[in-house]
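Trainee: Starting off with a structure, shown below.
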Amino acid sequence: MRRGLLRSVRQCSLQGSIVSRNRRCLTSIPSGFTDSSPHVKFPPCAVSVSSPNAIDASALKVTKTSKPMELVPKDKLVFGRTFADHMLEVDWDSKKGWRAPVIRPFGDLSVSPAASVLHYALECFEGMKAYKDASGCVRLFRPALNMARFNHSLARMYMPAVDGPTFLSLLRELLLLDEHWIPEGDGYSLYIRPTAISTTRYLGVGAPEEVKLYCITSPVGPYYATGFKPISLWADTHHVRAWEGGTGDAKVGANYAIAIMPQMLAAQHGCSQVLWMNRDTASGAYNLTEVGSMNLFVLIKDAVTGRPQLITAPLTRADVLPGVTRASILELAESMDGVDVKEACLSLQDVAKASAEGRLMEIFGAGTAAVVAPVNSIKYADESGTVKTVNVPSGGDAGPTAKKLWATITDIQYGRVDHPWSVKL
């Protein structure tokens, strides 16, 4: 059991030689929480939860596992199937507030079968990664944006907010304890999944009275082990993942649950992912929103000027998730020569027309898992039910813009380029 997180380097030895090697990387005060982006915006919540207290990081209790698990060989890693030895857990209730945070051996949760998370999907989560650079230092990529989005999701589920620096302090302890689970090498990382669930024992539909915040981690390998593999999309005109005023701008499980069945339909059409769209009731156009669980980018030549435009769906309707990778791509692309950046509605009809006129250049998804996922084709059924295909010129590889953005972001993530977006722990 240990108390106090912001300790001296001398007191930070958790994993013997592993941590000793990285002591030069450690900072005594969490940094990176001044990061912001004009492309990550959340509307103020009309109502919010008042908590009796905040999480007290100095009260952290650590129980180390007596049965450490064997590390899985890097070439055997499958996303989300392997988990590190420990997890972070903090309970909250509406009367007493946050209890002391705990780091304990990874294991099952004990919740009532009446817990409202099981009946009404009262939960939310985040997705981020820890990376090891060439010197063995552990890094996070823009964690402040993840925390801002997590708090937005918590507010949408009417759960108490979490102080960003406090959570980073606790996460830092978890990562240093399980540092040997962070695989080294380009493309390898430790996926981090902060989660909050309502554990309220109540079959009525109501605000959470008890919440469990926890965080688990999972070592993962490269999304593209042997080079880029472009994906094909099924443009679904019958199912909607998110809608105006809904929860599309929050990272909640219900958004993903309703996407599984349409994903199976996409597979039946020989496609890798669903291209999600919302129909404009006035024009009848199908506006593109996201691809699978990623944000979507289209590089297209303007019909008048011929100048390339990188376009992604706007956040104004709350039907698109404000992705950290999305924001980073927009900020980087704004400084690229020869490309205009736009957050604007773009319809399936617009893309099909641009393809027919030779103006379509690239399409790619963007997210934490892959950074960028190039697209080589879009299939859709027209009004008569005939399946048609829009081919993307980049074909069997990523286009030059997607490649450049991928290289720039991964260089930052792995510390090959010094950048304030990369936060050392």
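Plus 63 on top of the position in the sequence shown (first one is 1) and you've got our numbering.
A virtual CB, placed ideally from N, CA and C, is assigned to each residue, including glycine.
Which residue comes first and which comes last in the beta strand (DSSP E) that contains Gly430?
Mentor: That run of the beta strand (DSSP E) goes 423–430.
Trainee: Are the CB atoms of Asn116 and Gly160 within a distance shorter than 7 Å?
Mentor: For Gly160 and Asn116, yes; Cβs fall inside 7 Å.
Trainee: Classify Leu469 as buried or exposed, calling it buried when 16 or more other Cβ atoms lie within 10 Å of its own Cβ.
Mentor: Note that residue 469 corresponds to Trp in the displayed sequence, not to Leu. The residue is buried, with at least 16 neighbouring Cβ atoms inside 10 Å.
Trainee: May I ask you to report which of helix, strand or coil DSSP gives Val383?
Mentor: Three-state result, Val383: coil.
Trainee: Between which two residues does the alpha helix (DSSP H) holding Met357 run?
Mentor: From DSSP, Met357 is part of no alpha helix (DSSP H) but of the beta strand (DSSP E) over 357–364.
Trainee: Which residues in the same chain as Ile260 place their Cβ atom closer than 6 Å to its Cβ, once the five residues preceding and following it in sequence are excluded?
Mentor: Cβ neighbours of Ile260 beyond the five flanking positions: Val180, Glu186, Lys275.
Trainee: If you drop the 5 nearest sequence neighbours on each side, which residues of the same chain put their C-beta closer than 6 Å to that of Gln476?
Mentor: Contacts found: Tyr194, Phe204.
Trainee: Around the C-beta of His102, are 16 or more other C-beta atoms found within 10 angstroms, so that it is buried, or is it exposed?
Mentor: By the neighbour-count rule (16 or more Cβ atoms within 10 Å), His102 is buried.
Trainee: Would you please state the rounded distance, in angstroms, between the beta carbons of Cys334 and Trp297? I believe it to be under 8 Å.
Mentor: Contact flag correct, Cβ pair sits at about 4 Å.
Trainee: Assign Ala259 to one of three DSSP states: helix, strand, or coil.
Mentor: Ala259: strand per DSSP, three-state reduction.
Trainee: Would Leu208 pass as a contact of Val387 if the rule is Cβ separation under 7 Å?
Mentor: A contact, by the Cβ cut-off of 7 Å.
Trainee: Would you say Val283 and Leu140 are within 7 Å of each other, going by their C-beta atoms?
Mentor: Contact: yes.
Trainee: Thinking just about the alpha-carbon of each residue, which of Ser398, Gly401, Val414 is nearest to the one in Thr375?
Mentor: With distances taken between Cα atoms, Thr375 lies closest to Val414.
Trainee: To test your reading of the DSSP string, which unbroken beta strand (DSSP E) runs of 3 or more residues are found completely within the stretch 138–164?
Mentor: You should have 149–156.
Trainee: Indicate the three-state DSSP secondary structure (helix, strand or coil) for Arg84 in the structure shown.
Mentor: Only weak support is given to the placement of Arg84: the predicted model assigns it a pLDDT of 36, under 50, and the value that follows is read from those uncertain coordinates. Correct three-state label for Arg84: helix.
Trainee: My parser needs the beta strand (DSSP E) runs of 3 or more residues fully inside the stretch 282–324; what are they?
Mentor: Whole beta strand (DSSP E) segments, 3+ residues: 294–298.
Trainee: Rounded to whole angstroms, what's the CA-CA distance from Thr280 to Lys467? Just pull it up for me.
Mentor: If you take the alpha carbons of Thr280 and Lys467, they lie about 29 Å apart.
Trainee: Check whether the stretch 165–185 touches the stretch 262–269, taking contact to mean three or more Cβ pairs, one atom from each stretch, closer than 8 Å.
Mentor: Flag = yes, the stretch 165–185 and the stretch 262–269 touch.
Trainee: Is it the case that the stretch 104–123 contacts the stretch 239–248, given that we only count it when at least three CB pairs across the two stretches are under 8 Å?
Mentor: No, they do not touch.
Trainee: Among the candidates Arg167, Leu253, Gly227, whose CA atom is the shortest distance from the CA of Asp196?
Mentor: Nearest C-alpha to Asp196: Leu253.
Trainee: Given a threshold of 16 other Cβ atoms within 10 Å of its Cβ, counted over all protein chains shown, does Leu172 qualify as buried or as exposed?
Mentor: Its Cβ having fewer than 16 others within 10 Å, Leu172 is exposed.
Trainee: Would you list the residues sitting across from Met191 in a DSSP beta bridge?
Mentor: Met191 is bridged to Ile255.
Trainee: State the Cα-Cα distance for the pair Phe146 and Leu134, rounded to the nearest angstrom.
Mentor: Taking the straight line joining both Cα atoms gives about 9 Å.
Trainee: From which residue to which residue does the alpha helix (DSSP H) around Lys416 run?
Mentor: Taken as a continuous stretch (DSSP letters only), the alpha helix (DSSP H) holding Lys416 covers 411–419.
Trainee: Determine the contact status of Thr431 and Gly190, defining contact as a CB-CB distance below 7 Å.
Mentor: Yes, the pair counts as a contact, with Cβ atoms nearer than the cut-off.
Trainee: Give every residue of the same chain whose Cβ lies closer than 8 Å to the Cβ of Ala329, excluding the five residues on either side of it in the sequence, and list them in chain order.
Mentor: Taken in chain order, the residues that qualify are Leu296, Trp297, Asp299, Ser335, Gln336, Val337.
Trainee: Give the C-beta separation of Arg422 and Ala366 to the nearest angstrom, bearing in mind that I take them to be a contact with Cβ-Cβ under 8 Å.
Mentor: Sure, about 7 Å apart at Cβ, within 8 Å.
Trainee: Judging by CA-CA distance, which residue of Thr344, His302, Met340 is the nearest neighbour of Met324?
Mentor: Nearest of Thr344, His302, Met340 to Met324, Cα basis: His302.
Trainee: Relative to the alpha-carbon of Phe142, which residue among Pro377, Tyr286, Lys487 has its alpha-carbon at the smallest distance?
Mentor: Here the closest residue by C-alpha is Tyr286.
Trainee: Using a beta-carbon distance below 7 Å, is Arg342 in contact with chain D?
Mentor: Absent here is chain D; the protein component of the structure consists of one chain.
Trainee: Within 10 angstroms of its Cβ, does Ser198 collect 16 or more other Cβ (buried), or is it exposed?
Mentor: Exposed, because fewer than 16 other Cβ atoms sit within 10 Å of the Cβ of Ser198.
Trainee: Buried or exposed: which applies to Lys192, given that a residue is buried once 16 or more other Cβ atoms fall within 10 Å of its Cβ?
Mentor: Its Cβ being crowded by 16 or more others within 10 Å, Lys192 is buried.
Trainee: Which of the three DSSP states is assigned to Trp484 in this structure?
Mentor: Correct three-state label for Trp484: coil.
Trainee: Under 6 Å from any heavy atom of the ligand ZN, does the C-beta of Glu186 make it?
Mentor: The ligand ZN is absent from the structure shown, which contains no ligands of any kind.
Trainee: Among residues of its own chain, excluding the 5 on either side of Thr473, which ones have a beta-carbon nearer than 7 Å to its beta-carbon?
Mentor: Cβ neighbours of Thr473 beyond the five flanking positions: Val434.
Trainee: Is it buried or exposed for Pro483, if we count other Cβ within 10 angstroms and need 16 for buried?
Mentor: Exposed.
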